[in-house]
Amino acid sequence: MSIPFKTRELYPEEVRLLKTFKAQRETDGFSKIRYYHFLIAALLGGCFTYLAVLTQDSFWVLPFGTIAVFAFAFIVFTPYEIYKWKKKNGNLLNELNIRIDKGTVDTFIINAKRIAVVKEYDDEGDLFIIEYEPDKLIYLWDYDYNLQKRFPCLEFEIYEESFSKLSGRQVYPLSERIAPIVIEKNAKRNYLDKFGVPGNLEIVEINFDKLVADYADA
Numbered sequence: 017m018s019i020p021f022k023t024r025e026l027y028p029e030e031v032r033l034l035k036t037f038k039a040q041r042e043t044d045g046f047s048k049i050r051y052y053h054f055l056i057a058a059l060l061g062g063c064f065t066y067l068a069v070l071t072q073d074s075f076w077v078l079p080f081g082t083i084a085v086f087a088f089a090f091i092v093f094t095p096y097e098i099y100k101w102k103k104k105n106g107n108l109l110n111e112l113n114i115r116i117d118k119g120t121v122d123t124f125i126i127n128a129k130r131i132a133v134v135k136e137y138d139d140e141g142d143l144f145i146i147e148y149e150p151d152k153l154i155y156l157w158d159y160d161y162n163l164q165k166r167f168p169c170l171e172f173e174i175y176e177e178s179f180s181k182l183s184g185r186q187v188y189p190l191s192e193r194i195a196p197i198v199i200e201k202n203a204k205r206n207y208l209d210k211f212g213v214p215g216n217l218e219i220v221e222i223n224f225d226k227l228v229a230d231y232a233d234a
């Protein structure tokens, strides 16, 4: 069963988030490397190679030689790493620009009745079980632990996958945080070993109380 997303305009804070992320990507990592860094690396490599030759019969040959190797490795391997970074980063920046210019996002509004959280047992993240209609549940995985601050709550929006990847957010809370029903990690492990792992945003038709009881009895 697919999620019936609807399109809406981006909220101001969502636009700010995307612009902040864009600015960070434009100044991250390899973007700070300039041509003179290669010149410096070449000079360092040459100097320390010369020093290693002069001190080849002493203790200093090892540190001097190691520095020379790292300097020349920077010259040899960094251009390819920059190319890969520019290609990947360029695609991401293009997606961010398109999203910001478009100014819309697809979301699905949830008015939950009850929420249970199944605690992680092996770094796989917490699993939220959300009852949003009678005998209709949706699974929501918190893989990256980014739902902790304002979630769970009974009213929220679920973002489409493409926006989640860009923003690092899965939901937009619309109400106050609540205390969910807690299913302990051992029950989760036993249940998933028997019945398999549900997908993120997977919708199932099952009674909420029955599913919680099944976890407890697994």
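First residue of the sequence shown: 17, per the numbering used here; consecutive thereafter. Idealized CB from N, CA, C, for every residue including glycine. Bear in mind that the values here come from a model prediction, so they are computed numbers and not experimental data.
Exercise. Leaving out five residues before and five after residue 120 in sequence, what residues of the same chain have Cβ atoms less than 7 Å from its Cβ?
Worked result: 23, 24, 25 and 26
Exercise. Should the segment 131-147 be regarded as contacting the segment 109-116, the criterion being three or more beta carbon pairs within less than 8 Å?
Worked result: Flag = no, the segment 131-147 and the segment 109-116 do not touch.
Problem set entry | Collapsed DSSP secondary structure at residue 214 in the structure displayed | coil
For this session: Flag this pair as yes or no: are the beta carbons of residue 91 and residue 57 separated by less than 7 Å?
Result: Between residue 91 and residue 57, the C-beta spacing is below 7 Å.
Exercise. Which word fits residue 204, buried or exposed, when buried means at least 16 other C-beta atoms lie within 10 angstroms of its C-beta?
Worked result: Around the beta carbon of residue 204, 16 or more other beta carbons sit within 10 angstroms, so the residue counts as buried.
Exercise. How is residue 152 classed by DSSP in three states: helix, strand or coil?
Worked result: strand
Exercise. Shortest alpha-carbon distance to residue 147 belongs to which of 222, 230 and 231?
Worked result: 222
Problem set entry | Rounded straight-line distance, which links the Cα of residue 190 to that of residue 167 | 10 Å
Exercise. Is the beta carbon of residue 170 sitting closer than 7 Å to the one on residue 157?
Worked result: no
Exercise. Where do the ends of the alpha helix (DSSP H) carrying residue 29 lie?
Worked result: Unbroken alpha helix (DSSP H) run through residue 29: 28-43.
For this session: Using beta-carbon positions only, say whether residue 194 and residue 154 come within less than 7 Å of one another.
Result: No Cβ-Cβ contact shorter than 7 Å links residue 194 with residue 154.
Exercise. Looking only at DSSP bridge pairs, what is residue 169 linked to?
Worked result: 193
Problem set entry | Distance, residue 123 Cα to residue 173 Cα | 6 Å
Exercise. Relative to the alpha-carbon of residue 93, which residue among 199, 54, 176 and 107 has its alpha-carbon at the smallest distance?
Worked result: 54
Exercise. Is residue 35 closer than 7 Å to residue 137 when the C-beta atoms are compared?
Worked result: no
Problem set entry | With 16 other Cβ atoms within 10 Å as the buried cut-off, status of residue 30 | Buried.
Exercise. How far does the beta strand (DSSP E) with residue 122 in it reach, from first residue to last?
Worked result: 120-127
Problem set entry | Where residue 25 falls: helix, strand or coil (DSSP) | Correct three-state label for residue 25: strand.
Exercise. What is the C-beta distance between residue 186 and residue 208, in whole angstroms, given that I count them as a contact (C-beta under 8 Å)?
Worked result: With 8 Å as the limit, residue 186 and residue 208 do not qualify as a contact, their Cβ atoms being about 20 Å apart.
Exercise. Between residue 33 and residue 183, which are expected to be in contact by the criterion C-beta below 8 Å, what is the C-beta distance as a whole number of angstroms?
Worked result: 6 Å
For this session: To the nearest angstrom, report how far apart residue 213 and residue 128 are at their CA atoms.
Result: 22 Å
Exercise. Just curious, the alpha helix (DSSP H) that residue 49 is in, first and last residue?
Worked result: It is not in any alpha helix (DSSP H) - residue 49 carries neither H nor E in the DSSP assignment.
Exercise. Once you ignore the five residues that flank residue 105 on each side, which residues in its own chain have a CB closer than 7 Å to its CB?
Worked result: 41
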